[in-house]
Amino acid sequence: MICAGVDAGSRTAKVVLFDSDSLGVAAAGVVDQGIDQDAVADALFVRLIRENGIDPSQVGPVVGTGYGRKLIRFAQKTITEITCQAAGIRHSVPEARTIIDIGGQDSKYLRLNGNGSVADFAMNDRCAAGTGRFLELLAAQLGVRLDRLGEIAALSRNPAIISSMCAVFAETEIVGLLASGITTADIAAGVLASIATRVAAMSGRNLDGPIVLTGGVALVPGMEAALESILGQPVAVAPRPQITCALGAAILAWKSLNGSPTPTA
Amino acid sequence: MNDRPRKITLDQWDDRHAELRAAGLNEPSYGGPLGRHAAQGDVRLRKLSFDNSPAALRLWNFLLSEEDRLRDCKARGKKLVGAMKDLGTVPVMVYSLPNLAAFYPDGAWWLPCMKENRTDLLKIADSLGIDDSFCPVRAMLGAFVNQKHFPLPGLLTCSVGATCDDFSAIAQRVESLGFPILWWEIPHRRRPDGDEPVVELPGGFTAPETQVAFVRAELERIRRALADYAGEPLTDELLSAGIERANQVRSILGKLRELAYCANPCPMPALEMLIAEMLAIHFCSDHNETVAVLAELRDEVVRRVRAGIGVLADDAVRVFWVNPVADLRVMNLLEDAGGRVCGTEYLFCHALDPIPADLPPMEALARMALADPMVGSPRDRTGRIVADIRRFGAEALVVSRIPGASHCAWEAAAIGEAVRAQLDIPMIDIEVPSLADAMRPTLRTRLEALLETARTRRR
Ligand code: SF4
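Sequence lines, in order, name chains A and B. If you're matching positions, the first sequence starts at 26 in the numbering used here and goes up one per residue. If you're matching positions, the second sequence starts at 14 in the numbering used here and goes up one per residue.
Written out as structure tokens, the structure reads:
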């Protein structure tokens, strides 16, 4: 039986097809989000089934998660990204005790119990600071491609201090820094440190390890190093960090099939 | 007619009202369909859901007819006292005198929500330099200026000192516009030093005897002013009778809270309970009617509990709620997400405790005023919250912050830390503006995630 998790995020839609026999990922995909979130996710879902030669009659329950979860009409159930993220990480990094998730438009921190359930969480979804959007805006300002930001930041000798947490003000600050001759590498390192500082402030400093980093921003090279230096602890990027939440949704779909209660209302 | 407890919309209430009337429902003078309040400007009602009992109808009609009642009081020659930044002390004194009625100008903070910002209250406050960096209670300043919401009282009192900075600034602005205020000071409640005589306060707090004496002296000034204004002495006998009546309200509310927050299924929605609790501090300018309204609500809850029926699913997650919300709709949202309120600390939990009846009345009132959770250290307030969470058996905690409100800048962190250290329940803090529609999806996600986390722990 294939169980599916659909993570309708603010910037991308992710689908994971979970094989309940092998207890592994049968297929997974990520596409850019669109106006019609249901149609975007459905198209990805159908494509993954077709491309992976899955018999549609073998596809069982679907759980929707993420910002747009209520819009996913083909999901029988919705569960928040907090619970799904924890379930996904429990499967892929069972020893993790803290998750830092930095997505396109939000960031979260989850503290996990020894059994992988959520002990505590906090979310920032009201402001671009500490999110992928902040990175994107400032990388564009520097004229640097996002996937090269970490590489360029690694050349920094003296990271710039970006004091404004607000993306709009930070853009203005960068104009000033460039005008005063600060190198692109130093500013790039400052941008990564700024995100890390913001996320650390949300999560508090005394985080239990191991700490894993998930979300699209985990794919930006140098992000985990910036977090490590602010938190003073090792941070590991989760395997396939963009899809851990959808994976958790698929696992919870499978558990609901098993009769295990899922924590929805 | 379907009389099973449930939550219904405003339109459904109007249909039900017609049915109830046809079936012989007796209503007080302020009764009628709830829809009329929306037609008169309280448009937020169209987005709320309500309990379907006649008792809840009466409660809402009572609350929403407050402005008419105040004008009526004035027309009948009753003298009005505006008791500002006062969570349950001066109104008790006011209602001890038969020709005075107190009201709560601070209540204007809900007007921008109720009118969905179709009011000039906040614009007026902005124009007077009290902008959105202040607590939404700044709407009160606009209400004093435009005089569309409450008649001007002949006497205005305001507590100051260990109360919040926002309110003090706003009230000073009110006074600067020509509305004289009789200020009374409440000091920051501190722990007595080793050799100081100690006084026990309601709610389990203590204070040095000198602080209680100071507050008593401040309240004596208020007593004299009230007597002068009323034209008759405010004797100890009158005060004791006033305290007894206030305790009657508190006792009904105590029973109501016990039942509504402990029984399963939940017999009364969070929104109606919030309105009911608010009556403890100002009586909606009619003490006797407050007693009648709350008693009817309590009786309805008793009936439902005995019948084992309620308005929410049996497995709703039990949530303790700290601070009132600027947008009432958020209380509905919690229930839509699968939660229920079981226990609250809406900034005035001391006004729900009985006023000591075995003490001289001014001493009792002074102790009551000093027991205000907001005038002591956050540790005291947190201690009470933790104790109440245990008492009501809450599975999760929501600390709801008010944008711009100075009282709560750091409290969520302090409360969160204590709850984490002493109780194993999840908590979130959320910020709720006067109109939270744009934030509804994110608020819903946080609430749902909290409820999911609590549910996971049940297993
Ligand atoms: S800041 Fe807090 S205590 Fe002060 S008026 Fe606003 S809500 Fe009330």
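A virtual CB, placed ideally from N, CA and C, is assigned to each residue, including glycine.
Residue A:Leu232 holds the alpha-carbon nearest to the alpha-carbon of Pro259 of chain A among A:Ala278, A:Leu232, A:Pro266.
Residues Leu134, Val150, Ala152, Met153, Gly155, Ala156, His162, Phe163 of the same chain have their beta carbon placed closer than 8 angstroms to that of Ala121 of chain B, with the five preceding and five following residues left out of the count. Distances taken from the Cβ of Ile74 of chain A to the heavy atoms of the ligand SF4 include none shorter than 7 angstroms. Excluding residues up to 5 positions away in sequence, Asn65, Val324 lie with their Cβ nearer than 7 angstroms to the Cβ of Arg19 of chain B in the same chain. About 6 angstroms separates the Cβ atoms of Gln58 of chain A and Ala38 of chain A, confirming a contact at the 8 angstroms cut-off. With respect to chain B, the C-beta atom of Ser142 of chain A has a partner C-beta closer than 8 angstroms.
For Ser117 of chain A, the three-state secondary structure derived from DSSP is helix. Contact annotation for Phe146 of chain A against chain B: Pro439, Ile441, Ala462, Thr466 [CB-CB distance below 8 angstroms, chain order]. Among the CB atoms of chain A, none fall inside 8 angstroms of the CB of Pro221 of chain B. Note that the region 141–150 of chain A touches the region 431–449 of chain B; at least 3 beta-carbon pairs, one per stretch, sit closer than 8 angstroms. Where Asp442 of chain B is concerned, the enclosing beta strand (DSSP E) starts and stops at 440–444. For Tyr92 of chain A, the chain B residues whose C-beta falls within less than 9 angstroms of its own C-beta are Pro454, Thr455, Thr458, listed in chain order.
Interface criterion met: the Cβ of Thr469 of chain B is under 8 angstroms from a Cβ in chain A. Per DSSP, reduced to three states, the secondary structure at Tyr117 of chain B is coil, with no helix or strand assignment.
Between the ligand SF4 and the CB of Ile415 of chain B, the shortest heavy atom gap is smaller than 7 angstroms. In the three-state scheme derived from DSSP, where H, G and I count as helix and E and B as strand, Leu256 of chain A is classed as helix. Judged by DSSP in its simplified three-state form, Leu70 of chain B adopts helix. Of all C-beta pairs linking the region 162–175 of chain A to the region 202–213 of chain A, three or more are shorter than 8 angstroms, placing the two stretches in contact. What Thr239 of chain A touches in chain B, judged by beta-carbon distance under 8 angstroms, is nothing: the nearest beta carbon there is about 15 angstroms away. Ranking A:Trp279, A:Pro264, A:Val224, A:Pro86 by CA distance to the CA of Ser254 of chain A puts A:Val224 first.
Closer than 8 angstroms at the C-beta level to chain B, one finds these residues of the region 104–120 of chain A: Ile104, Thr105, Glu106, Ile107, Thr108. Taking non-hydrogen atoms of the ligand SF4 into account, the C-beta of Leu244 of chain A is found less than 7 angstroms away from none of them. The beta carbon of Asp179 of chain B sits closer than 7 angstroms to at least one heavy atom of the ligand SF4.
Inclusion of Met387 of chain B in the 7 angstroms shell around the ligand SF4 follows from its C-beta lying nearer than that to a non-hydrogen atom of the ligand. CA-CA distance, Gly128 of chain A to Gly240 of chain A, rounds to 5 angstroms. In this structure, Val150 of chain B has its beta carbon less than 7 angstroms from a heavy atom of the ligand SF4.
When B:His300, B:Ser181, B:Thr357, B:Arg394 are compared, the shortest CA-CA separation from Gly255 of chain B is found for B:His300.
In the structure shown, Glu408 of chain B falls within a coil segment according to DSSP collapsed to helix, strand and coil. Judged by DSSP in its simplified three-state form, Thr208 of chain A adopts coil rather than helix or strand. Annotation for Ala221 of chain A: Met248, Ala251, Leu252, Ser254, Ile255, Leu256 place their beta carbon closer than 8 angstroms to its own, counting only its chain and skipping 5 residues before and after. Look at Arg203 of chain B here: in three-state DSSP terms it is coil, with no helix or strand label.
Sorting B:Arg84, B:Ala175, B:Arg34, B:Glu465 by C-alpha distance to the C-alpha of Val388 of chain B places B:Ala175 at the top. Here the distance from the Cβ of Leu360 of chain B to the nearest heavy atom of the ligand SF4 is below 7 angstroms.
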